[in-house]
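Residue 277 is where the sequence shown starts when you use this note's numbering, and the numbers rise one by one after that. Heads up, the beta-carbon is just placed ideally off N, CA and C, and yes, glycines get one too. None of these values were measured; they are calculated from a predicted model. Worksheet for the structure shown next.
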Amino acid sequence: MKIVLEVTFRMGGVSYRGHRWEGDALVFEFERLGDAFIQVLSTRKVEEEVERRPSAVVVELKTKEGGKIFEAVNEGGVYRAMEP
């Protein structure tokens with residue numbers, strides 16, 4: 277099955293690194309690892325084929341300062357999330 281994720285980030289410079297399963301939750305991994313980034317909202321769309329339906333879709337953003345984890349919401353078949 278195809279999972280479509282749209283994430284809005286608060287700054288540019290975000291790279292998609294892949295996905296993994298944690299139990300029944302599907303975790304999408306992103307990173308922003310630099311010192312200076314443009315301060316503009318940026319949206320990334322990712323589509324992945326997976327073998328089963330996830331119980332939750334989670335976004336993990338790794339940064340130089342540590343990271344953030346936030347959950348996506350299913351809206352009409354597309355999972356959407358916004359960086360807090």
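Please work out which residues of its chain come closer than 6 Å, Cβ to Cβ, to E351, disregarding the five sequence neighbours upstream and downstream, and give them in chain order.
The beta carbon of E351 sits closer than 6 Å to no other beta carbon from its chain once the five residues preceding and following it are set aside.
For F346, count the other beta carbons within 10 Å of its own beta carbon; 16 or more makes it buried, fewer makes it exposed. Which is it?
Exposed, because fewer than 16 other Cβ atoms sit within 10 Å of the Cβ of F346.
Quick one: is P360 buried, meaning 16 or more other Cβ sit within 10 Å of its Cβ, or exposed?
The residue is exposed, with fewer than 16 neighbouring Cβ atoms inside 10 Å.
Mark L281 as exposed unless 16 or more other C-beta atoms lie within 10 angstroms of its C-beta, in which case mark it buried.
Burial of L281 is indicated by the presence of at least 16 other C-beta atoms within 10 angstroms of its C-beta.
Using a Cβ-Cβ cut-off of 6 Å (strictly less than) and excluding sequence neighbours within five positions of E305, which residues of its own chain qualify?
Counting only Cβ-Cβ distances below 6 Å, and skipping sequence neighbours, we find R293, G294 and E336.
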